[in-house]
Amino acid sequence: MVISLEKPGPDGLNEAVDALREWQSEGVAWQLHPGDLGWFWRSGAEATAAAVRIWRRDGRILAVGLLDGADLLRVTTAPDVRRDEELARRMAEDIVAPERGVLPPGEVSVEAPNDALLHDLLPGHGWHAGEPWTPLRRDLTEPVKDPGLRIETIGPDDCHVWADVMRGAFDGSTFTPEKWRTMATGAPYADSRYLVGYDEQGDAVAAVAVWSAGQGKPGVLEPMGVHRDHRGHGHGRAITFAAAAALRKLGSSSAGVNTPSSNVAAVATYESSGFQRLPEVRDLTRDAS
71 MVISLEKPGP DGLNEAVDAL REWQSEGVAW QLHPGDLGWF WRSGAEATAA AVRIWRRDGR
131 ILAVGLLDGA DLLRVTTAPD VRRDEELARR MAEDIVAPER GVLPPGEVSV EAPNDALLHD
191 LLPGHGWHAG EPWTPLRRDL TEPVKDPGLR IETIGPDDCH VWADVMRGAF DGSTFTPEKW
251 RTMATGAPYA DSRYLVGYDE QGDAVAAVAV WSAGQGKPGV LEPMGVHRDH RGHGHGRAIT
311 FAAAAALRKL GSSSAGVNTP SSNVAAVATY ESSGFQRLPE VRDLTRDAS
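Just so we're aligned: 242 in this note's numbering is position 172 of the sequence shown, and the numbers increase by one with no gaps anywhere.
(1) May I have a chain-ordered list of the alpha helix (DSSP H) segments no shorter than 4 residues that lie completely inside the stretch 160 to 194?
(2) Identify which residue in Ile73, Ala99, Trp111 and Gly129 has its Cα closest to the Cα of Leu83.
(3) Rounded to a whole number of angstroms, what is the C-alpha to C-alpha distance between Glu116 and Lys77?
(4) Measure the Cβ-Cβ separation of Leu317 and Ala325 and say whether it is below 8 angstroms.
(5) With three or more beta-carbon pairs closer than 8 angstroms as the criterion, would you say the stretch 140 to 158 touches the stretch 177 to 194?
(6) Please report the residue range of the alpha helix (DSSP H) in which Arg123 lies.
(7) From Gly200 to Val98, what does the alpha carbon distance come to, in whole angstroms?
(8) So, using beta-carbon positions, are Thr310 and Tyr264 closer together than 8 angstroms?
(9) CB-CB under 6 angstroms to Gly344, same chain, minus the five flanking residues each way: which ones, in chain order?
(10) Do Ser331 and Glu350 come within 8 angstroms of each other at the CB atom, strictly closer than that value?
(11) Taking the Cβ atom as the reference point for each residue, do Leu102 and Val87 lie within a distance shorter than 8 angstroms?
(12) Straight-line CA distance for Leu137 to Arg356?
(13) So Ala277 packs on Gly295, CB below 8 angstroms; how close in whole Å?
(14) From this set, Asp234, Leu291, Val172 and Val72, which residue's C-alpha is nearest Pro205's C-alpha?
(15) Looking at C-beta atoms only, is the number of pairs between the stretch 186 to 197 and the stretch 162 to 172 that lie closer than 8 angstroms three or more?
Written as structure tokens, this is what we have:
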């Protein structure tokens, strides 16, 4: 059957989320998680749908992509079709041709699982290895140690606290309580938790969102931040312990995170919180012509 490229409407997003949930499993390279769509949902269902691409054959979803910003496509496939030549060639054709509506012309990047055949095909179209990223993973079989901070789970009534910490943690962040409430309307919200850590003075010092993909499947942290006024006290490590504990309570088999390798401090924080560094992965990048 012919492989088709689709841009789902808001009503079709749940199908993409369900496919991503199904594809998550231990030992399988991951690149896109339902939590990634859940975090993007802060911009609304219509904006999320406009950023999603689906490749389908004979009614079955084979691959899902998320245009995360104007110049980055994060994409993954069902595990059994990572080396499917027909799929990889169709995806490569769609990605390199701006008129297909997957990526614009100019300098752009693609994140795909390391074992995907796409990595073998795109360099033939003028692409090259780009920015290195470090995946990290923590097994959740055993209980997680106490974080050493007072941790509160955030809901609609106090989402402004989570939003305030996020704005204080990331330069240029425009996150608001309204965006939190919009995010809470998305399908992945039911499998997520939003945590805030408070220090001994009662100040909200760190925050994290965690996303489960279901019982016995890997979960992810996205995002995690420490307010700039409260750095240097180990709060990043503490909130990461809390995140791992929350995912374990949700039934996740492991906790995962992906961070630029250049962010040495973040990598060190996750490693000190019991995460193991996995082999580095790289974007595929096409320079501006």
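A virtual CB, placed ideally from N, CA and C, is assigned to each residue, including glycine. Quick caveat, the model's predicted, so the values are computed rather than measured.
On the basis of the supplied data:
(1) 188 to 191
(2) Trp111
(3) 11 angstroms
(4) yes
(5) yes
(6) Counting along the chain, Arg123 falls outside any alpha helix (DSSP H), though it belongs to the beta strand (DSSP E) covering Val122 to Arg127.
(7) 22 angstroms
(8) no
(9) Arg208
(10) yes
(11) no
(12) 15 angstroms
(13) 6 angstroms
(14) Leu291
(15) yes
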